[in-house]
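Participant: Reading the sequence shown from the start, the letters are residues 8 to 389 in this note's numbering. Ideal placement from N, C-alpha and C gives every residue a C-beta, glycine not left out.
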Amino acid sequence: MTLPDGVQGTCDPRFAAVAETLSQQLASGEHHGAAVAVRHRGEPVVDIWGGPGWAEDTMAISFSTTKGPAAVCLHMAMERNGISYDTPVAELWPEFGVKGKELITIRHCLCHEAGVPQIRDEIPSVDTMADWDEMVAMMERLEPLWEPGTANGYHAINYGWLVGELVRRIDGRPISQFLAEEVTGPLALDGCYIGTPESEHHRIAPLIATPMPEGSPSIDDFLGKDSIAARALSPAGNMNDFLNSPAGMSTCGPAFSGAFTARSLATIYSMMERGGELNGERLLKPETIATATTVQNTRPDLVIMFPIGWRLGFMSGGNALSPAGPNAEAYGHAGFGGSVGIADPTAELSLAIILDKLEINLLGGDRISKIVNLAVEAAMKP
Numbered sequence: 008m009t010l011p012d013g014v015q016g017t018c019d020p021r022f023a024a025v026a027e028t029l030s031q032q033l034a035s036g037e038h039h040g041a042a043v044a045v046r047h048r049g050e051p052v053v054d055i056w057g058g059p060g061w062a063e064d065t066m067a068i069s070f071s072t073t074k075g076p077a078a079v080c081l082h083m084a085m086e087r088n089g090i091s092y093d094t095p096v097a098e099l100w101p102e103f104g105v106k107g108k109e110l111i112t113i114r115h116c117l118c119h120e121a122g123v124p125q126i127r128d129e130i131p132s133v134d135t136m137a138d139w140d141e142m143v144a145m146m147e148r149l150e151p152l153w154e155p156g157t158a159n160g161y162h163a164i165n166y167g168w169l170v171g172e173l174v175r176r177i178d179g180r181p182i183s184q185f186l187a188e189e190v191t192g193p194l195a196l197d198g199c200y201i202g203t204p205e206s207e208h209h210r211i212a213p214l215i216a217t218p219m220p221e222g223s224p225s226i227d228d229f230l231g232k233d234s235i236a237a238r239a240l241s242p243a244g245n246m247n248d249f250l251n252s253p254a255g256m257s258t259c260g261p262a263f264s265g266a267f268t269a270r271s272l273a274t275i276y277s278m279m280e281r282g283g284e285l286n287g288e289r290l291l292k293p294e295t296i297a298t299a300t301t302v303q304n305t306r307p308d309l310v311i312m313f314p315i316g317w318r319l320g321f322m323s324g325g326n327a328l329s330p331a332g333p334n335a336e337a338y339g340h341a342g343f344g345g346s347v348g349i350a351d352p353t354a355e356l357s358l359a360i361i362l363d364k365l366e367i368n369l370l371g372g373d374r375i376s377k378i379v380n381l382a383v384e385a386a387m388k389p
């Protein structure tokens with residue numbers, strides 16, 4: 008089909024509304040630059056992008072959307088090594104099993120029940136997050152803020168060192184290397200990094216912060232300085248400036264620093280939606296996918312404040328606020344500012360959106376949900 012103004016790439020006519028909406032959002036200023044990719048029944052049907060400086064190979068740092076590919080790495084490492092989700096972390100990482108963390112399991116980590124989301128008062132600034140060993144040592148020092156397994160609170164940043172260090176303890180390789188060798192390579196992905204090599208920095212679109220309205224309260228003032236949410240969400244320093252720097256781009260942060268093309272993210276989620284195999288490459292067994300995508304808790308989240316329906320590394324679809332779309336079987340993960348990656352078995356669809364202009368939103372916002380809903384609607388038409 009002929010693409011609308013400001014949009015490049017390819018789009019199956021059945022998904023024309025997706026391209027038209029991206030064009031409108033770019034023209035209105037809702038987006039500065041963005042890319043959308045959709046796969047239906049395993050086949051690419053949308054691969055589009057637009058905005059100043061955006062090209063076919065542009066990547067964007069996608070904040071917590073990184074958590075999905077990071078979870079895939081852990082599921083793969085566990086499956087290959089016969090590790091149970093109810094294994095205490097301390098069996099694999101003995102230094103972690105102190106100060107009330109002895110009974111935290113891998114399951115607790117993946118569904119945000121571990122009780123150790125706090126970071127604000129634990130490191131001097133965001134720059135410290137570039138030092139993997141120091142962040143692992145920080146995790147070892149923490150005491151749970153609640154009894155593990157009795158509540159869930161979004162480990163917005165600390166999830167990364169939990170999952171990433173578990174991959175290293177199980178497999179022996181850093182998660183950045185595991186991702187490159189076991190996911191990016193087999194799936195022939197064109198842009199998928201957790202810790203981007205300097206040679207690829209030029210492909211990353213600079214993040215553009217949305218200014219807070221004048222007079223807006225700080226996170227500490229809004230949430231309460233000593234609240235679990237404020238302690239989990241607001242490390243000292245400017246996260247956007249850090250991630251726009253060479254040091255930030257290169258940082259292995261499995262909860263926040265992933266740089267992706269939309270097509271790479273959509274391909275990973277297509278592999279999951281197809282039962283663990285895509286284009287002849289099997290990464291996970293169907294039974295592992297089934298376990299990983301089973302809802303673990305439906306309580307209100309202590310950080311995000313409402314139920315997320317946490318699965319083992321993924322958010323659930325099926326409610327108005329969900330970044331994973333309208334279908335209850337859908338799952339995925341959104342990132343601060345608007346990026347998202349999802350799989351929807353009901354619609355036989357995977358989708359990813361990456362962008363550079365950040366909204367102050369943990370779950371995507373209206374501009375993202377509109378594209379997701381249009382893609383799902385198109386995929387489900389007879």
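The alpha helix (DSSP H) that contains ARG127, what's its start and end?
Facilitator: As a working note, residue 127 is residue 120 in the sequence shown. Unbroken run through ARG127: none, as it is neither H nor E.
Participant: Are the Cβ atoms of ARG127 and SER241 separated by less than 8 Å?
Facilitator: Residue 127 sits at position 120 when you count from the first residue of the sequence shown. Residue 241 sits at position 234 when you count from the first residue of the sequence shown. Contact: yes.
Participant: Straight-line CA distance for GLY58 to THR298?
Facilitator: Mapped onto the sequence shown, residue 58 falls at position 51. Mapped onto the sequence shown, residue 298 falls at position 291. Near 39 Å, if we compare the C-alpha coordinates of THR298 and GLY58.
Participant: Excluding the 5 residues preceding and the 5 following LEU381 in the sequence, name in chain order all residues of the same chain whose CB lies nearer than 7 Å to its CB.
Facilitator: Position 374 of the sequence shown, counted from the first residue, corresponds to residue 381. Closer than 7 Å at Cβ, skipping near neighbours: ALA24, VAL25 and THR28.
Participant: Between LEU365, ARG46, ALA42 and ILE182, which lies nearest to ASP351 when the distance is taken from Cα to Cα?
Facilitator: Your numbering for residue 351 matches position 344 in the sequence shown. Checking every option, the nearest Cα to that of ASP351 belongs to ARG46.
Participant: Using three-state DSSP, classify PHE263 as helix, strand or coil.
Facilitator: Position 256 of the sequence shown holds residue 263. PHE263 falls in the coil class under three-state DSSP.
Participant: Judging by CA-CA distance, which residue of ARG87, ALA266 and PHE70 is the nearest neighbour of VAL174?
Facilitator: On the sequence shown, residue 174 is found 167 positions in, with the first residue counted as 1. Cα-wise, what sits closest to VAL174 is ARG87.
Participant: Considering Cα atoms alone, identify which of THR73, PRO124 and ILE378 is closest to VAL233.
Facilitator: Here residue 233 refers to the residue found at position 226 when the sequence shown is read from its first residue. One point to set straight first is that residue 233 is Asp, not Val, in the sequence displayed. Checked all of THR73, PRO124 and ILE378; the closest Cα to ASP233 is PRO124.
Participant: What's the C-alpha gap between PHE218 and GLU366?
Facilitator: Taking the sequence shown and counting its residues from 1, the one referred to as residue 218 is at position 211. Taking the sequence shown and counting its residues from 1, the one referred to as residue 366 is at position 359. Looking at the sequence shown, residue 218 is not Phe but Pro. Straight-line Cα distance between these residues: approximately 9 Å.
Participant: My output table needs one value for THR258: the three-state DSSP class, helix, strand or coil.
Facilitator: Within the sequence shown, the letter at position 251 stands for residue 258. Coil at THR258, not helix or strand.
Participant: Can you give the beta carbon distance from TRP56 to GLU50, rounded, assuming they're within the 8 Å contact cut?
Facilitator: Taking the sequence shown and counting its residues from 1, one reaches residue 56 at position 49. Taking the sequence shown and counting its residues from 1, one reaches residue 50 at position 43. 19 Å between Cβ atoms; not a contact.
Participant: Who does TYR338 pair with in a DSSP beta bridge?
Facilitator: Your numbering for residue 338 matches position 331 in the sequence shown. In DSSP, TYR338 forms a bridge with SER323 and ALA350.
Participant: Using DSSP with H/G/I as helix, E/B as strand and the rest coil, what is VAL96?
Facilitator: Translated into the one-based positions of the sequence shown, residue 96 becomes position 89. Helix at VAL96.
Participant: Output yes or no for whether 8 Å exceeds the beta carbon distance between ALA390 and SER346.
Facilitator: This structure does not reach residue 390, given that the chain is present from 8 up to 389, and the question cannot be answered.
Participant: Relative to the alpha-carbon of LEU358, which residue among ALA42, LEU33, VAL14 and GLN32 has its alpha-carbon at the smallest distance?
Facilitator: Mapped onto the sequence shown, residue 358 falls at position 351. The residue with the shortest Cα to Cα distance from LEU358 is ALA42.
Participant: From CYS118 to VAL310, what does the alpha carbon distance come to, in whole angstroms?
Facilitator: As a first step, residue 118 must be located in the sequence shown, where it is residue number 111. As a first step, residue 310 must be located in the sequence shown, where it is residue number 303. Distance between the alpha carbons of CYS118 and VAL310: 13 Å.
Participant: Could you give the distance in angstroms between the alpha-carbon of GLU207 and the alpha-carbon of ILE182?
Facilitator: The sequence position of residue 207 within the sequence shown is 200, counting from 1. The sequence position of residue 182 within the sequence shown is 175, counting from 1. Approximately 18 Å between the Cα atoms of the pair.
Participant: Between the beta-carbon of ILE201 and the beta-carbon of ALA84, is there less than 8 Å?
Facilitator: Translated into the one-based positions of the sequence shown, residue 201 becomes position 194. Translated into the one-based positions of the sequence shown, residue 84 becomes position 77. No.
Participant: Locate the alpha helix (DSSP H) running through TYR276, then write down its first and last residues.
Facilitator: As a position in the sequence shown, residue 276 is number 269, starting the count at 1. Run containing TYR276: 269-280, per the alpha helix (DSSP H) assignment.
Participant: Does GLY192 pass the burial test, meaning 16 or more other C-beta atoms within 10 Å, or should it be called exposed?
Facilitator: As a position in the sequence shown, residue 192 is number 185, starting the count at 1. GLY192 comes out exposed.
Participant: Could you tell me which residues DSSP puts in a beta bridge with HIS47?
Facilitator: Here residue 47 is taken as the residue at index 40 of the sequence shown, counted from 1. According to DSSP, which records beta bridges pairwise, HIS47 is partnered with GLU50 and LEU356.
Participant: Output yes or no for whether 8 Å exceeds the beta carbon distance between HIS162 and LEU152.
Facilitator: Walking along the sequence shown from the start, residue 162 turns up at place 155. Walking along the sequence shown from the start, residue 152 turns up at place 145. No, these two residues do not count as a Cβ contact at 8 Å.
Participant: With three or more beta-carbon pairs closer than 8 Å as the criterion, would you say the segment 92-106 touches the segment 253-267?
Facilitator: No, they do not touch.
Participant: Quick check on DSSP: helix, strand or coil for TRP56?
Facilitator: Numbered from 1 along the sequence shown, position 49 holds the residue referred to as residue 56. Of the three classes helix, strand and coil, the one that applies to TRP56 here is strand, per DSSP.
Participant: In the structure shown, what three-state DSSP assignment does LEU413 receive?
Facilitator: Nothing about residue 413 can be reported from this structure: the residues present for the chain run from 8 to 389 only.
Participant: Within 10 Å of its beta-carbon, does THR274 have 16 or more other beta-carbons around it, so buried, or fewer, so exposed?
Facilitator: Taking the sequence shown and counting its residues from 1, one reaches residue 274 at position 267. It counts as buried.
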